[in-house]
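Chemist: So the sequence shown is residues 1 to 141, counted in full-length UniProt numbering.
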Amino acid sequence: MSVYRRSPTGDVTVYRRSPTGDVTVYRHSPTGDVTVYRRSPTGDVTVYRHSPTGDVTVYRHSPIGDVTVYRRSPTGDVTVYRHSPIGDVTVYRRSPIGDVTVYRHSPIGDVTVYRRSPENTSTSLQRVRKVKTRLSLPLRA
1 MSVYRRSPTG
11 DVTVYRRSPT
21 GDVTVYRHSP
31 TGDVTVYRRS
41 PTGDVTVYRH
51 SPTGDVTVYR
61 HSPIGDVTVY
71 RRSPTGDVTV
81 YRHSPIGDVT
91 VYRRSPIGDV
101 TVYRHSPIGD
111 VTVYRRSPEN
121 TSTSLQRVRK
131 VKTRLSLPLR
141 A
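(1) Between residue 116 and residue 100, which are expected to be in contact by the criterion C-beta below 8 angstroms, what is the C-beta distance as a whole number of angstroms?
(2) Is DSSP giving residue 31 helix, strand or coil here?
(3) Assuming contact is defined by CB atoms lying nearer than 8 angstroms, are residue 49 and residue 35 in contact in what I supplied?
(4) By Cβ distance, which residues of its chain are closer than 8 angstroms to residue 131, with the 5 residues on each side in sequence left out?
(5) Are residue 54 and residue 30 closer than 8 angstroms when you measure CB to CB?
(6) With the cut-off set at 8 angstroms, would you say residue 60 and residue 79 are in Cβ contact?
(7) Any chance you could list the beta strand (DSSP E) runs of at least 3 consecutive residues sitting entirely within the region 11-78, in chain order?
(8) How many Å lie between residue 23 and residue 42 at the Cα?
(9) Just reading off the beta strand (DSSP E) that residue 110 is part of, what are its end residues?
(10) By the three-class DSSP mapping on this structure, what secondary structure does residue 2 have?
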């Protein structure tokens, strides 16, 4: 089943539902924004957005709780953010000139930062162990 809608302002929206249960919504605005939303029968959700300035963003959420966000700017910067269901957070950044930074934070508090620069072939790796503190309050009767 597909539904096509055009608003008086020029927005175009297409809604499509397949026999297998996939749902796709495509939207194009008069300013040039393009957004595509897709949900699979298994629960995967993907949102793709392209702006007139050249920004590209892709958001993905899986049924088990993985979240991934990919962003590319018009200047060539690339950022990928990932959050797993167990609490791992990873951020990858690459600049147009080739600088790469990877930041990782584990659920137990370990932090790792990896950096590589195109000017030199050496890489930098920092490991930081965060100490988690717990605040315990006395129970009142």
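The beta carbon of each residue, even a glycine, is placed where N, CA and C say it ideally should be.
Modeler: With the given structure in hand:
(1) Position 116 of the sequence shown, counted from the first residue, corresponds to residue 116. Position 100 of the sequence shown, counted from the first residue, corresponds to residue 100. Confirmed, about 5 angstroms.
(2) The sequence position of residue 31 within the sequence shown is 31, counting from 1. Of the three classes helix, strand and coil, the one that applies to residue 31 here is coil, per DSSP.
(3) As a first step, residue 49 is located in the sequence shown; it is residue number 49 there, counting from the start. As a first step, residue 35 is located in the sequence shown; it is residue number 35 there, counting from the start. Contact: yes.
(4) As a working note, residue 131 is residue 131 in the sequence shown. A caution first: residue 131 carries a pLDDT of 42, below 50, which makes its placement in the model too unreliable to give a value.
(5) Taking the first residue of the sequence shown as 1, we reach residue 54 at position 54. Taking the first residue of the sequence shown as 1, we reach residue 30 at position 30. Result no, Cβ atoms of residue 54 and residue 30 do not sit closer than 8 angstroms.
(6) In the sequence shown, the residue the question calls residue 60 occupies position 60. In the sequence shown, the residue the question calls residue 79 occupies position 79. Against a cut-off of 8 angstroms, the Cβ pair of residue 79 and residue 60 comes out as no contact.
(7) 12-17, 23-28, 34-39, 45-50, 56-61 and 67-72
(8) On the sequence shown, position 23 is the one that residue 23 refers to. On the sequence shown, position 42 is the one that residue 42 refers to. Roughly 11 angstroms between the two C-alpha positions.
(9) Translated into positions along the sequence shown, residue 110 becomes position 110. Looking at the DSSP string, the run of the beta strand (DSSP E) that includes residue 110 is 110-116.
(10) Locating residue 2 in the sequence shown gives position 2, counting from the first residue. Residue 2: strand per DSSP, three-state reduction.
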